[in-house]
Structures are given as structure tokens and as C-alpha cells.
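**Student:**
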Amino acid sequence: MDSYHKKFIPSSHWKEILCSVDYTHNEQFIIVACTKHGDLIEFIIDSELNTVKDTNSIDIDNFNVQVIKVFFALHDPVRVFYLLHTSANELIIVQKINNVLKIKEKIYKVQKFEILDSNKSGSPQVSVWYANSKEPNLITDFSDQLSEQIHSSEPCDKLANVLKIQLKMLSDKN
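For the sequence shown, position 122 (counting from the first letter as 1) is numbered 204 according to the working numbering, and the numbering increases by one without interruption.
1) Might you give, ordered along the chain, the residues of its own chain that have their beta carbon closer than 7 Å to the beta carbon of Ala-170, omitting 5 neighbours on each side?
2) Run through the DSSP bridge pairs and tell me what Phe-344 is partnered with.
3) From Gln-227 to Ser-93, what does the alpha carbon distance come to, in whole angstroms?
4) What do you get for His-167, buried or exposed, if any count of 16 or more other CB atoms within 10 angstroms of its CB means buried?
5) Check the Cβ-Cβ distances between Phe-224 and every residue of chain C, and say whether any is below 7 Å.
6) Whole angstroms are fine: how far does the CA of Ser-129 sit from the CA of Lys-88?
7) Using 8 Å for Cβ pairs, my map puts Val-192 next to Glu-172. What's the rounded Cβ distance?
8) Compute the beta-carbon to beta-carbon distance between Ile-221 and Asn-201, rounded to the nearest angstrom, for a pair I have assumed lies under 8 Å.
9) Rounded to whole angstroms, what is the Cα-Cα separation between Gln-207 and His-157?
10) For the beta strand (DSSP E) holding Ser-200, just list the boundary residues, first then last.
11) Would you mind stating whether Val-176 and Phe-195 have Cβ atoms separated by less than 7 Å?
12) What did DSSP end up calling His-119 once you bin it into helix, strand or coil?
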């Protein structure tokens, strides 16, 4: 666990935490941690007292999270997502809605992921590389638009990918 985070997180949690990250949003300082027991915990810090004033948690059912990244979807309103990459190459996407944590999606066989402006739109997206890929296979900003990269020039493959994207968009709305 990050030694800076030890200043804020109660010592009873120290041995349980695998990894942690912090960020500031809406004038709140928040530390997000994954535990050996398969939980993701948000520690909301009181900036005046430097103590935990509130917590949120969710059972992510994974005991091997290695990396946590925070993604801000720049929509109206701004939405917060936690991207958790495990040692088994699983990407767990947790969405924060009205201070409630919810698993949005799990993606398997993920070699790596990055947060960058892949589409040159001026806003960040999450780029996901599946196992053995040299280019991202999936690019998303978690809006209603999902962009899967098409690496084939075959018309049938392109049509299949377009249909797959549309199906994904429809299933996300339900």
C-alpha cells in the first residue's frame, strides 16, 4: 500500500490492501483500494481532519487486483469509473453512480489498457488490448457509443463488427 495513503486509512486495513490510488473530485479527496478479500473500498477523506469521514465498498469477487485507474467520463454530468486490472488479465469496470458502486462490466483476456485520447476528440477514452494484440481492440468513453477497432478489410468482418457494436449499445441501454 502507498505510504502516503497510510496517513489516512485506518491501520486495521493496511495488511488487507493489495493496491490503492487517490484522486480529487467535486472537492473531495478519495482513496480507492482493493483488498485481499475481493473488495473495492472507497475512503472519503475529511480534508480538515485528515481522517476517513465515509466509506463505500463493493464485492468485486477478485483477490488479485494489481492496478487501479480512475477514469472520468466527460459527459454531463461527469461520471466516475474504476478500472481494475487483475493478474488473470481480467479488467473489471466499476461505475460510481450517486455514491453507489456497481460493477458495469468484466472483460477477459485483457493484455493491457490505457486512458488516452485515441480518437483525437479532446476527451479521454479507455483503450483495451486483448491478448496478443498490437493495437487496441476496444476504445470507449462509456457513453452510448462504443468503438471497436476493425483490423480486417473483409466486408463480412466489418459488418459483423458493426452489428456487434450496435448489439452492445442496445444491451447497455437495458
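Just so you know, even glycine gets a beta-carbon here, dropped at the ideal spot from N, CA and C.
**Tutor:** Here's the rundown:
1) Position 88 of the sequence shown, counted from the start, is the residue given in the question as residue 170. Apart from sequence neighbours up to five positions away, the residues of its chain that approach Ala-170 with a beta-carbon distance below 7 Å are Asn-146, ordered along the chain.
2) The first residue shown for the chain is 83 and the last is 256, placing residue 344 beyond what the model contains.
3) Residue numbering aside, residue 227 sits at position 145 when the sequence shown is read from its first letter. Residue numbering aside, residue 93 sits at position 11 when the sequence shown is read from its first letter. Residue placement at Gln-227 cannot be trusted, given a pLDDT of 49 that sits under 50; the coordinates are not used to answer.
4) Translated into the one-based positions of the sequence shown, residue 167 becomes position 85. Taking all protein chains in view, the Cβ of His-167 is crowded by 16 or more other Cβ atoms within 10 Å, so the residue is classified as buried.
5) The chain labelled as chain C is not found in the depicted structure, where only one protein chain is given.
6) Position 6 of the sequence shown, counted from the start, is the residue given in the question as residue 88. Position 47 of the sequence shown, counted from the start, is the residue given in the question as residue 129. One C-alpha to the other measures close to 15 Å.
7) Residue numbering aside, residue 192 sits at position 110 when the sequence shown is read from its first letter. Residue numbering aside, residue 172 sits at position 90 when the sequence shown is read from its first letter. Sure, about 7 Å apart at Cβ, within 8 Å.
8) As a working mapping, residue 221 is identified with position 139 in the sequence shown. As a working mapping, residue 201 is identified with position 119 in the sequence shown. About 7 Å; that satisfies the 8 Å criterion.
9) Along the sequence shown, read from residue 1 onward, the residue named residue 207 stands at position 125. Along the sequence shown, read from residue 1 onward, the residue named residue 157 stands at position 75. Rounded to the nearest whole angstrom, the CA to CA distance from Gln-207 to His-157 is 12 Å.
10) Taking the first residue of the sequence shown as position 1, residue 200 is located at position 118. DSSP places Ser-200 outside any beta strand (DSSP E), giving it a letter other than H or E.
11) Walking along the sequence shown from the start, residue 176 turns up at place 94. Walking along the sequence shown from the start, residue 195 turns up at place 113. No, the Cβ-Cβ distance between Val-176 and Phe-195 is not below 7 Å.
12) Sequence index remark: in the sequence shown, residue 119 carries index 37 (1-based). Per DSSP, reduced to three states, the secondary structure at His-119 is coil, with no helix or strand assignment.
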